[in-house]
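Accompanying notes for the structure given below.
Residue numbers (UniProt numbering): 1 to 296.
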């Protein structure tokens with residue numbers, strides 16, 4: 001294969017990974033899809049419009065995988081949460097494109113059929129027209145519009161985001177961490193909405209709650225129990241940008257053991273989603289290791 005097509009694919013790789021990740025909610029699976037797309041690209045005849053060709057191939061590969069993924073997730077032990085990705089949205093992205101990466105939105109996309117999810121992601125995350133989406137999915141434009149409309153109905157109108165600077169959002173998460181570790185109940189109470197919900201995804205690999213914890217009083221008890229646990233005292237905590245929003249990363253002996261993603265509403269935590277399943281932390285851990293290697 002000549003250097004030209006290879007370089008062309010590599011330049012498109014971040015975009016097609018972003019598409020596959022939003023479609024699947026699994027970073028490792030998204031990487032597999034990108035690799036499979038590359039193999040097809042390598043064997044294909046010269047492509048006239050590479051972005052359109054790659055979008056169609058990646059979308060359809062994801063549609064095939066989502067069908068089997070739904071069955072796997074129905075058998076999953078406890079709540080299923082997407083794999084977290086350590087990343088920040090690009091400065092040129094629109095608000096809708098940034099929102100399509102947010103962790104809470106990826107959770108809501110689990111309500112959709114594969115075709116609805118594709119229509120939503122292509123429209124919201126990549127600004128494709130309904131006609132272009134119809135061409136990618138092999139349906140009529142009317143059907144593409146209907147898929148998108150149903151997706152919006154199932155996902156619901158997004159709750160009003162807490163519009164604040166990145167520093168302000170990070171500061172709230174840092175105060176949340178400090179209050180949890182200090183067992184500061186009044187401070188924690190001020191940082192939680194009354195209807196806050198906490199979810200934990202251990203996937204049966206590590207200890208985690210198999211049902212959501214509902215309401216401020218119960219979540220307070222849960223958090224103070226976590227903060228007072230001897231393992232918490234020995235752990236290292238950092239605040240990183242995960243799926244475009246500040247989140248807590250927990251390390252034990254240098255290994256990433258948890259990612260806690262608070263969803264902020266009106267300056268308080270409305271949802272707290274914690275990924276503990278080590279299989280789902282591998283991609284984020286590799287990202288951090290690669291970043292550390294570059295800085296070293």
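Where is the CB? At the ideal position from N, CA and C, for every residue including glycine.
Determine whether the beta carbon atoms of residue i and residue j lie at a separation below 8 Å.
i, j, result
"residue 36", "residue 66", "no"
"residue 275", "residue 259", "yes"
"residue 116", "residue 145", "no"
"residue 262", "residue 176", "yes"
"residue 213", "residue 198", "yes"
"residue 294", "residue 201", "no"
"residue 118", "residue 180", "no"
"residue 77", "residue 203", "yes"
"residue 29", "residue 82", "no"
"residue 196", "residue 253", "no"
"residue 268", "residue 147", "no"
"residue 154", "residue 101", "no"
"residue 273", "residue 193", "no"
"residue 39", "residue 114", "no"
"residue 248", "residue 237", "yes"
"residue 277", "residue 218", "no"
"residue 50", "residue 18", "no"
"residue 105", "residue 99", "yes"
"residue 86", "residue 208", "no"
"residue 298", "residue 141", "Because residue 298 is not part of the residues shown, which for the chain are 1 to 296, the question remains open."
"residue 243", "residue 128", "no"
"residue 9", "residue 41", "yes"
Residue i bridges to which residues according to DSSP?
i, result
"residue 199", "273"
"residue 246", "241"
"residue 6", "According to DSSP, which records beta bridges pairwise, residue 6 is partnered with nothing at all."
"residue 259", "249, 275"
"residue 264", "269"
"residue 58", "None, per the DSSP bridge assignment."
"residue 86", "242"
What is the C-beta distance between residue i and residue j, in whole angstroms, given that I count them as a contact (C-beta under 8 Å)?
i, j, result
"residue 250", "residue 235", "5 Å"
"residue 220", "residue 189", "6 Å"
"residue 288", "residue 256", "7 Å"
"residue 138", "residue 183", "Actually they do not touch by this definition, with Cβ atoms about 56 Å apart."
"residue 73", "residue 80", "5 Å"
Open item on the list: Give the list of continuous alpha helix (DSSP H) stretches no shorter than 4 residues that lie fully inside the stretch 118-145.
Closed with: 130-137
Task: the stretch 37-49 in contact with the stretch 167-177 per 3-pair CB rule at 8 Å - done: no
Task: Segment contact, 8 Å Cβ cut-off, at least three pairs: the stretch 16-23 with the stretch 122-129 - done: yes
- [ ] Note down, one range per segment and in chain order, each alpha helix (DSSP H) of at least 4 residues found wholly within the stretch 149-237.
- [x] 166-182, 185-191, 216-227, 230-234
- [ ] Jot down the residue ranges of each uninterrupted alpha helix (DSSP H) in the UniProt domain "RNA polymerase sigma-70 region 2" (9-70), minimum 4 residues, whole runs only, in chain order.
- [x] 27-43
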